[in-house]
Amino acid sequence: MSDRSVPRALAWLERILPDDGPLVGDLLEEFERRQSYAWLWWQVLGAMATRAFGAPGDIRPLRLVDDQPVEAMVRTHRWRARCRPVNLSASPISDVGGIGLLLLTAHLSVTVPGAWVALLVAMIAGVGLGAVLVLLGSRSTPPRSIQAHMRAG
Amino acid sequence: MARHLLTDFELMLVVAILRIGDDAYGVQIAREIEETSGRKVLLGAAYAALDRLERNRLVSSSVGAPTAERGGRARRFFRVTPCGIRAAQDTQQALVALWRGVPQLKETRT
Chain A
198 MSDRSVPRAL
208 AWLERILPDD
218 GPLVGDLLEE
228 FERRQSYAWL
238 WWQVLGAMAT
248 RAFGAPGDIR
258 PLRLVDDQPV
268 EAMVRTHRWR
278 ARCRPVNLSA
288 SPISDVGGIG
298 LLLLTAHLSV
308 TVPGAWVALL
318 VAMIAGVGLG
328 AVLVLLGSRS
338 TPPRSIQAHM
348 RAG
Chain B
5 MARHLLTDFE
15 LMLVVAILRI
25 GDDAYGVQIA
35 REIEETSGRK
45 VLLGAAYAAL
55 DRLERNRLVS
65 SSVGAPTAER
75 GGRARRFFRV
85 TPCGIRAAQD
95 TQQALVALWR
105 GVPQLKETRT
């Protein structure tokens, strides 16, 4: 590289980042000491990449919350009590139990008609289990600390 | 209670500024980090992190007089604010707490 590469590189950087005069000055000062074109280009390209791919609006530093506020715990408990899901199907995977039962029924109807009794028993047991789960869900109580806060609120 | 924790590079920048003192500007800070830790510093990345720290009021900066050796460009001097010192202390405490009780790390400690 020729000597003209130095001002050209820095002028290029200054044109792209017009508000970064101190950075360009730092690069020029350090280049005078190092006399390394590789270092200078590495710095110039790095500065451009940092500005291009950096997130100027990012929120730093991280904020760690030591304790969850009691109000948030109460809200969370109420939300969970309202949205408690109950899986009434025979499958542990939600939304596929009905399809699985339908396919099993069709398969049994064709291959083993005598197994209908076992399937009927399983369906009745499933409904019973679902009813028990619903009852248990409606009777669940929050921890005492949250209960006290809910009473106070 | 919320507290500030710095990234490793931000912590290096803050400590380097504190080590240098009142004359901490870009080149000095980068040299301090490179000489003490051996980490290569991109000045552009350092300025981006310092801008971020200043937005969060953890450091403050002031522009000095233009000098001929820098082609008429001024130096930007950085100082750590009291909030920055507290953030560095919080980060150090968090790292020490993580460090404590790890036997593999205890063996390599000097």
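Chains as they are written, first to last, in the numbering used here: chain A, 198 to 350; chain B, 5 to 114. For glycine and all other residues, C-beta sits at the position ideal for the given N, C-alpha and C.
The Cβ atoms of R83 of chain B and V63 of chain B lie closer than 8 Å to each other. Ranked by Cα distance from G75 of chain B, the first of A:E229, A:I213, A:V241 and A:A328 is A:E229. Residue state for L9 of chain B is assigned as strand, using DSSP reduced to three classes.
Short of 7 Å from the beta carbon of R23 of chain B, and not among the five residues preceding or following it, lie these beta carbons of its own chain, in chain order: E36.
Check the Cα spacing between A244 of chain A and each of A:S233, A:G311, A:L214 and A:I296: the tightest is with A:L214.
In the DSSP assignment, G68 of chain B falls outside any alpha helix (DSSP H) and lies within the beta strand (DSSP E) extending over V63 to T71. Counting of Cβ neighbours within 10 angstroms places F250 of chain A among the exposed residues, the total staying below 16. For V84 of chain B, the enclosing beta strand (DSSP E) starts and ends at R77 to V84. In the DSSP secondary-structure assignment, Y29 of chain B is bridged to B:F81. DSSP, read as helix, strand or coil, puts D223 of chain A in helix. For the stretch 209-225 of chain A, residues whose beta-carbon sits nearer than 8 Å to a beta-carbon of chain B comprise D217, G218, P219, L220, V221, G222, D223, L224 and L225. The Cβ-Cβ distance between R79 of chain B and Y29 of chain B falls below 8 Å. Taking C-alpha positions only, R77 of chain B is separated from E39 of chain B by approximately 25 Å. Looking at the backbone, the Cα of L10 of chain B and that of P219 of chain A are separated by about 24 Å. From the beta-carbon of A244 of chain A, the residues of chain B found nearer than 9 Å are L46, L47, G48, A49, Y51 and A52. With its beta carbon at least 8 Å from every one in chain A, V84 of chain B lies outside the interface. Distance from the CA atom of G311 of chain A to the CA atom of R275 of chain A, rounded to whole angstroms, is 47 Å. Put simply, the backbone Cα of W313 of chain A is about 30 Å away from that of L333 of chain A. When only Cα atoms are considered, Q93 of chain B and A20 of chain B end up about 14 Å apart. The C-alpha of L300 of chain A is placed about 57 Å away from the C-alpha of R248 of chain A. C-alpha of L15 of chain B to C-alpha of G42 of chain B: approximately 15 Å in a straight line.
From the listed residues A:G222, A:M270 and A:Q232, the smallest Cα separation to Y51 of chain B is found for A:G222. L224 of chain A is positioned such that its CB atom lies no closer than 8 Å to that of L242 of chain A. Taking a C-beta distance under 8 Å as the contact criterion, V18 of chain B and A34 of chain B do not qualify as a contact pair.
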